[in-house]
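Contents: one structure, followed by commentary.
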Amino acid sequence: MDAADRIKLIVALDGPGSSGKSSVGAAAALELGYRFCDTGLLYRAVTWLALARRVSASYPHAMRGLVDEVELAPDAQGRLARVLVDGTDHTEAVHGPAVDAAVSAVSAIPELRAALLQRQRSLAEEGGIVMAGRDIGTVVLPDADLKIFLEASIEERARRRTEERGLDPNGSEAQAILDALRRRDELDSTRAVAPLHAAPDARIISTDGNRFEDTVDAVVNAIRDAEARRAADDDTRQREPSGAGT
Numbered sequence: 028m029d030a031a032d033r034i035k036l037i038v039a040l041d042g043p044g045s046s047g048k049s050s051v052g053a054a055a056a057l058e059l060g061y062r063f064c065d066t067g068l069l070y071r072a073v074t075w076l077a078l079a080r081r082v083s084a085s086y087p088h089a090m091r092g093l094v095d096e097v098e099l100a101p102d103a104q105g106r107l108a109r110v111l112v113d114g115t116d117h118t119e120a121v122h123g124p125a126v127d128a129a130v131s132a133v134s135a136i137p138e139l140r141a142a143l144l145q146r147q148r149s150l151a152e153e154g155g156i157v158m159a160g161r162d163i164g165t166v167v168l169p170d171a172d173l174k175i176f177l178e179a180s181i182e183e184r185a186r187r188r189t190e191e192r193g194l195d196p197n198g199s200e201a202q203a204i205l206d207a208l209r210r211r212d213e214l215d216s217t218r219a220v221a222p223l224h225a226a227p228d229a230r231i232i233s234t235d236g237n238r239f240e241d242t243v244d245a246v247v248n249a250i251r252d253a254e255a256r257r258a259a260d261d262d263t264r265q266r267e268p269s270g271a272g273t
C-alpha cells in the first residue's frame, strides 16, 4: 500500500509500568508517520505538580484543579513528550522516584480521571495516533481501530527501569524500583476506577527477552496489518451494489 494512500488508524497501546509502551509506541509511531501520546505523562505531571504544591490526594477537587495547568508539548521528533507548567519545562522532574511512588494513588482519583478523559479523546479524534497508557483500550478509546497490550514480567520491567537510570542492578535503589513496581501493579490492577487489564479484543505482545527493535517491529507490523484489513473492508463496501438484497 502506498504511504500516501494508507488509512491511518487510532491505536490504543496499553501495558503495566515499564513494559516499554512509551518508548516502543513512540518509535513505532515515528516509523509509521503517526502522532504519539503517552497519557501516563499527564498523570505523572499532575502528580508532580500536586507534590510540588503540597496538594493532598485526599482533596480530589483540588487535584482536579491542577489539570488545566499542565500542558504536553512536542519534543524534537514531534512526540507529545514534554511537560510544561507556566511555560517552564519540568519533564525530567516528572520521571523522578517521588512521582513513581505517588502516581498510582493519584491516578485512582475518579475526579482526576474524568477531567483527563476528554483531553485524551480529543487528541485521538483525527486518527493517525498511537496513544499509550493503562486504560486506553478499555476506557479512554474503547472503539479504537486497534488495541495492543504489551506484557513483560515484573523482573524484566524493573531491570529496564534500573538500566535507564544508570543504577547498580544489585543496589538498594534497584530493589526499591522492583518494590515500587510491585506496589503499583497491585494498585493499578485492583483499583475501583479503570483497573489495569487487557481489553478482550486486544492483541497481546509479550516483550520478555525481546530486543527493543523486535518489539517495535511487532507493533509496527500489527498496525500495518490492521491498516490493510481496514483498506480491504472499505474496498469491499465500496464494491457492494447499492440496494443489494432489496
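This note's numbering applies: residue 28 is where the sequence shown begins, and numbers increase by one. For glycine and all other residues, C-beta sits at the position ideal for the given N, C-alpha and C.
When the Cα atoms are used, residue 179 and residue 46 turn out to be separated by approximately 6 angstroms. If you draw a straight line from the Cα of residue 155 to the Cα of residue 140, it comes to about 24 angstroms.
In the structure shown, residue 58 falls within a helical segment according to DSSP collapsed to helix, strand and coil. Annotation: residue 235 is outside any beta strand (DSSP E) and is labelled neither H nor E by DSSP.
The beta carbon of residue 134 sits closer than 6 angstroms to those of 70, all from its chain and outside the five residues before and after it, given in chain order. Note on geometry: alpha-carbon atoms of residue 162 and residue 254 lie some 22 angstroms from one another. The closest CA to that of residue 248, considering only 228, 43, 56, is found on 56. For residue 160, there is no enclosing alpha helix (DSSP H); the residue is found in the beta strand (DSSP E) stretching over 156–160. Three or more Cβ pairs closer than 8 angstroms define a contact, and the segment 164–179 falls short of that threshold against the segment 199–209.
For residue 210, same chain residues with a beta-carbon under 6 angstroms away, outside a window of 5 residues either side, do not exist. Note that the segment 230–242 does not touch the segment 158–172; fewer than 3 beta-carbon pairs, one per stretch, sit closer than 8 angstroms. Taken atom to atom, the span from the alpha-carbon of residue 173 to that of residue 126 is near 30 angstroms. DSSP places residue 127 in the helix class (H, G or I) of the three-state scheme. As the crow flies, the alpha-carbon of residue 66 is around 34 angstroms from that of residue 264. Every unbroken stretch of the beta strand (DSSP E) spanning 3 or more residues and falling wholly within the segment 37–119 is given here in chain order: 37–41, 62–65, 97–101, 107–112. Counting only residues of its own chain and dropping the five nearest sequence neighbours on each side, residue 243 has a CB closer than 8 angstroms to the CB of 51, 54, 55, 58. Taking the C-beta atoms as reference points, residue 121 is found nearer than 9 angstroms to residue 68.
Between residue 250 and residue 93, the alpha-carbon positions lie close to 35 angstroms from each other. Between residue 48 and residue 42, the alpha-carbon positions lie close to 6 angstroms from each other. Within 10 angstroms of the beta-carbon of residue 149 lie fewer than 16 other beta-carbons, which makes it exposed.
Counting along the chain, the unbroken beta strand (DSSP E) around residue 178 starts and ends at 173–178. Note on residue 266: under 16 other CB atoms within 10 angstroms of its CB, so exposed under the neighbour-count rule. For residue 200, the enclosing alpha helix (DSSP H) has its first and last residue at 199–217. Remark: C-beta atoms of residue 76 and residue 96 approach each other more closely than 9 angstroms.
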